[in-house]
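J.:
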Amino acid sequence: MEADLVTRIANHPKYKELKAKRTGFGWWLTLAMMVVYYGFIMLVAFNKPFLSQRLGEGVMTMGIPIGFGVIVFTVVITAYYVNRANSEFDELTDAISKAVLK
Amino acid sequence: MSGFNLSSNARRVLTLATLCAVSFAAWSAGADLGQATKQATNWTAIGMFGTFVVFTLFVTKWAAAKTKSASDFYTAGGGITGFQNGLAIAGDYMSAASFLGISAAVMASGFDGLIYSIGFLVGWPVITFLMAERLRNLGKFTFADVAAFRFSQTPVRVFAASGTLVVVAFYLIAQMVGAGQLIKLLFGLEYWIAVVIVGALMMVYVLFGGMTATTWVQIIKACLLLGGASFMALSVMWHFGFSPEAMFAGAVKIKTDLALKDGKTAEVAAALGQ
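Protein chains in written order, with the working numbering: chain A, 1 to 102; chain B, 103 to 376.
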């Protein structure tokens, strides 16, 4: 019975769609996060003068807004993921369980 | 829940191992190696801390009364909403480090301090993107449960338990040294007493209250930290007329003055101040 259920879920077209979409989406967002983070760390490692430029006349350097930008990016990208997971992916999951358990 | 199939014996061994890890951490935190000077016994601070501890112990008692099954113990019987759980995870994540340590690190080493706070933020979304939903959809308690669902149980569980205990023990050592130093600094208690109190409290919360108590204590902590940090940030920004530029200039000035007081020349002091 349970093995049967597993095959039915695994063969359901919507399950395949969900799996492909969600995995791809997760990896793309991970990639974006990695590019931003390692880009930032590379800047710190290899281009210090760029980050220590003064902004205008004051003491604040270029690095501060860029650093805060990385933090804000993290929050925004997470919000984007949560938003899509709660709407699109959850709808697909519901549709699959309805179709399979019927 | 069918996912939970550890025998009660194995569970007892795990609990025992956890206790050993905590005692090991407490023992390793043993020698007082901090710089914090012991203050005169501060009864106001002890009173506030005591009130908070009594309050959270009541939360634990309430939670212990509700905890009746493995599912209650490990997942609060599924009775935690997403928002509550989010707050609790935030409470875990925002340790005293983000409250005191990171701001101090930014003050002491400027931009280098900011890199720390970015570094440990970045790991979280990646876990969310790749792991979180699979865990939820399988309805298991821990990552080890998920791995054991697919692979041979015993080696996976032994590996996961060893990894968890090693990481947790070393994390606990740092946490308990920090908590011990903080209590010593605030209350003027002996260091070893501070470490023993903190260790005993942690064990009481988790062993008796399970996930319900742990979650609620974390939620309370998250609200206190968020409230306190927002209040401090707003007050500081208000003091500098909501201009980050003025705030950084103020910080640089304080550091320059401190270096001058140490007997450094004006140029060296100005360079250190930045």
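Cβ atoms here follow ideal geometry from the backbone N, Cα and C, with glycine treated the same way.
Small disclaimer: the values here were computed from a predicted structure and weren't measured.
Quick check on B/Met233: buried or exposed, where buried means 16 or more other Cβ atoms within 10 Å of its Cβ?
T.: So B/Met233 counts as exposed.
J.: For B/Ala451, which of B/Thr256, B/Leu326, B/Val268, B/Arg259 has the nearest alpha-carbon?
T.: A question about residue 451 of chain B goes unanswered here, because the residues of chain B that appear run from 103 up to 376.
J.: I'd like to confirm the pairing. Which residues does DSSP put opposite A/Arg54 in its beta bridges?
T.: DSSP output for A/Arg54 lists A/Thr61 as bridge partner(s).
J.: Starting from A/Val72, find everything on chain B with Cβ-Cβ shorter than 8 Å and list it in chain order.
T.: Ordered by position in chain B, no residue passes the 8 Å Cβ test against A/Val72, which lies about 11 Å from the chain.
J.: Quick one: Cα of A/Ile64 to Cα of B/Phe222, how far?
T.: Spanning the two alpha carbons is a distance of roughly 17 Å.
J.: Since A/Thr7 meets chain B, which of its residues come closer than 8 Å, beta carbon to beta carbon?
T.: The premise fails here: A/Thr7 is roughly 17 Å from chain B at the closest Cβ pair, so nothing lies under 8 Å.
J.: Using a threshold of 9 Å, state whether the C-beta atoms of B/Met209 and B/Ala324 are closer than that.
T.: No, these two residues do not count as a Cβ contact at 9 Å.
J.: For the region 13-26 of chain A, list every residue whose C-beta sits within 9 Å of some C-beta in chain B, in sequence order.
T.: Answer set for the region 13-26 of chain A: Arg22, Thr23, Phe25, Gly26.
J.: Who are the neighbours of A/Asp44 on chain B, taking C-beta pairs under 7 Å?
T.: Rather than Asp, the amino acid found at residue 44 of chain A in this sequence is Val. Near A/Val44 (Cβ distances below 7 Å), the residues of chain B are Ile217.
J.: In terms of residues, what are the limits of the alpha helix (DSSP H) holding B/Lys170?
T.: Element bounds for B/Lys170: n/a, residue is neither H nor E.
J.: Work out the CA separation of B/Val224 and B/Phe350 for me, nearest whole Å.
T.: Approximately 25 Å between the Cα atoms of the pair.
J.: For B/Ile220 and chain A, any beta-carbon pair shorter than 9 Å?
T.: It does; some Cβ of chain A falls within 9 Å.
J.: Check whether the Cβ atoms of B/Val319 and B/Val156 sit closer than 9 Å, and answer yes or no.
T.: Not in contact: B/Val319 and B/Val156 (Cβ atoms no closer than 9 Å).
J.: Report the rounded CA-to-CA distance for B/Ala281 versus B/Ile321, giving the unit in angstroms.
T.: When rounded, the distance between both Cα atoms is 19 Å.
J.: Listed from N- to C-terminal order along the chain, which residues in the region 268-299 of chain B have their beta-carbon within a distance smaller than 7 Å of any beta-carbon of chain A?
T.: Listed by position along the chain: nothing, the set is empty.
J.: What residues in its chain sit with their C-beta under 7 Å from that of B/Asp194, if we drop five residues either side in the sequence?
T.: The residues are Gln320.
J.: For B/Gly188, which of B/Thr244, B/Gly352, B/Thr317 has the nearest alpha-carbon?
T.: It is B/Thr317.
J.: Which of the residues in the region 240-269 of chain B, read from start to end, lie with their CB under 9 Å from any CB of chain A?
T.: If the cut-off is 9 Å between Cβ atoms, the region 240-269 of chain B has nothing near chain A.
J.: Compute the Euclidean distance between the alpha carbons of A/Arg8 and A/Lys14, then round it to the nearest angstrom.
T.: Those two C-alpha atoms are separated by around 11 Å.
J.: So which residues on chain A does B/Leu232 lean against when the C-beta distance must stay under 7 Å?
T.: By Cβ distance, chain A contributes Gly26, Thr30.
J.: Since I believe B/Glu292 is in contact with A/Met60 (beta carbons under 8 Å), could you give me their beta-carbon distance rounded to a whole number of angstroms?
T.: The Cβ separation is near 44 Å, so there is no contact.
J.: Under three-state DSSP, which class holds A/Asp94?
T.: Here A/Asp94 sits in helix by DSSP.
J.: How would you label A/Thr23, buried or exposed, when you count the other beta carbons within 10 angstroms and need 16 or more for buried?
T.: Exposed, by the Cβ-count rule.
J.: Assuming B/Ala165 and B/Gly311 are in contact, meaning their beta carbons sit under 8 Å apart, how far apart are those beta carbons, in whole angstroms?
T.: The Cβ separation is near 4 Å, so the contact holds.
J.: In angstroms with no decimal places, state the Cα-to-Cα distance between B/Asn144 and A/Tyr81.
T.: One C-alpha to the other measures close to 47 Å.
J.: When the distance is taken between beta carbons, is B/Ala262 closer than 9 Å to B/Thr244?
T.: In contact: B/Thr244 and B/Ala262 (Cβ atoms closer than 9 Å).
J.: Taking Cβ to Cβ, would you say A/Glu88 is nearer than 9 Å to A/Lys21?
T.: Closer than 9 Å, so yes.
J.: For B/His341, does the three-state DSSP call read helix, strand or coil?
T.: In this structure, B/His341 counts as helix in the three-state DSSP scheme.
J.: Express the C-alpha separation of B/Ser337 and A/Asn86 in angstroms, rounding to a whole number.
T.: Roughly 37 Å between the two C-alpha positions.
J.: Using a Cβ cut-off of 9 Å (strictly closer), state whether B/Phe185 contacts chain A.
T.: So no, B/Phe185 is outside the interface.
J.: Which same chain residues end up closer than 8 Å to B/Met334 when comparing Cβ atoms and leaving out the 5 residues on each side of it in sequence?
T.: Around B/Met334: no qualifying Cβ.
J.: How far does the alpha helix (DSSP H) with B/Ala290 in it reach, from first residue to last?
T.: For the record, residue 290 of chain B in the displayed sequence is Gly; it is not Ala. Per DSSP, B/Gly290 belongs to no alpha helix (DSSP H) and is neither H nor E.
J.: By Cβ distance, which residues of its chain are closer than 7 Å to B/Leu303, with the 5 residues on each side in sequence left out?
T.: Excluding sequence neighbours, B/Leu303 sits near Val155.
J.: Which residues in chain A sit within 7 Å of B/Leu223, going by Cβ to Cβ distance?
T.: In chain order: Ile71, Thr74.
J.: Determine the closest residue to A/Leu29 out of A/Phe73, A/Asp4, A/Met62, with distance taken between C-alpha atoms.
T.: Nearest of A/Phe73, A/Asp4, A/Met62 to A/Leu29, Cα basis: A/Phe73.
J.: Starting from B/Glu235, follow the alpha helix (DSSP H) in both directions and report where the run begins and ends.
T.: Start and end: 235-240.
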